[in-house]
Each structure stands twice: as structure tokens, then as C-alpha cells.
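Down below is the structure, laid out as C-alpha cells.
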Amino acid sequence: MELKYLGLNTLEYDEKKCTGCGMCEIVCPLRIFRINGKKAEITAKEKCIECGACSLNCAFGAITVDSGPGCAAAVLASGLKKGSKAACNC
Ligand code: SF4
Ligand code: SF4
Numbered sequence: 369m370e371l372k373y374l375g376l377n378t379l380e381y382d383e384k385k386c387t388g389c390g391m392c393e394i395v396c397p398l399r400i401f402r403i404n405g406k407k408a409e410i411t412a413k414e415k416c417i418e419c420g421a422c423s424l425n426c427a428f429g430a431i432t433v434d435s436g437p438g439c440a441a442a443v444l445a446s447g448l449k450k451g452s453k454a455a456c457n458c
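The sequence shown begins at 369 in the working numbering and counts up by one.
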């Protein structure tokens, strides 16, 4: 079964600032960034959960994303509660 996403997220990528270091490809849990030649490219923007890992680890300011409270934060918070199952409760 193919998962469906709303695609409403704030992920932005500026190719001009990208050096191709590869950090975004390494840290993204959903493999949304891929290095193609000497630049990163976004493979599936709509799948981004706004965790912020790519932006935090891009030393060149090529990625911005509003990683405020969202599904990812809710899943992490609920998963840390004793006896509860990780869920975002969307
Ligand atoms: S972390 Fe930033 S500079 Fe490095 S490849 Fe990704 S977008 Fe480009
Ligand atoms: S915010 Fe998280 S899920 Fe979205 S592209 Fe960056 S690392 Fe991947």
C-alpha cells in the first residue's frame, strides 16, 4: 500500500547555497534529500515531517524548515511517556 501525504509543509531548499556536503541525505529519516552530482535535490517534499534535522545539520544555510510543534514532535513526546504508544493523534 502506498502511503499518502498532505504535502503541507514549510521545507525550502536553496540550491545556490548547497555545496553538496551530503549531510541532509545522511540525517533525513525519510530520505527526502539525495545528492545528485554536486548538489542536493529534494525527492519527495510532500513526505517531510518537519523534524528539522536537515536544516540543523546544513552548515551552509541551504535548507529552512519550520520545525515547531508538529506531528514529529508529538510522536516523540508521546513515545517518551511511560506506557504510551508513540502517536501524533492527528
Ligand atoms: S546539508 Fe546543505 S550544503 Fe550539504 S548537501 Fe545538504 S543542502 Fe547541500
Ligand atoms: S525536516 Fe526532517 S523529514 Fe523533512 S526533509 Fe528535513 S530531515 Fe527530512
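Glycine included, every Cβ here is placed at the ideal spot set by N, Cα and C.
query	result
Return the chain-ordered list of same chain residues with a C-beta closer than 7 angstroms to the C-beta of Ala460, the five sequence neighbours on each side being excluded.	Within the shown structure, residues of the chain are numbered from 369 to 458, placing residue 460 beyond reach of any answer.
What would DSSP say about Lys406, mapped onto helix, strand or coil?	coil
Leaving out five residues before and five after Cys375 in sequence, what residues of the same chain have Cβ atoms less than 6 angstroms from its Cβ?	The question names Cys, yet the displayed sequence has Gly at residue 375. For Gly375, where only same-chain residues beyond five positions count, the Cβ hits under 6 angstroms are Glu414.
Among residues of its own chain, excluding the 5 on either side of Val395, which ones have a beta-carbon nearer than 7 angstroms to its beta-carbon?	Ala421, Cys422, Asn425
For Phe428, collect the residues of the same chain with a Cβ closer than 6 angstroms to its Cβ; drop the 5 residues on either side in sequence, then sort them by chain order.	Lys385, Thr387
Return helix, strand or coil for Glu363, following the three-state DSSP convention.	A question about residue 363 goes unanswered here, because the residues of the chain that appear run from 369 up to 458.
Tell me whether Ile400 sits in a helix, a strand or coil according to DSSP, three-state version.	coil
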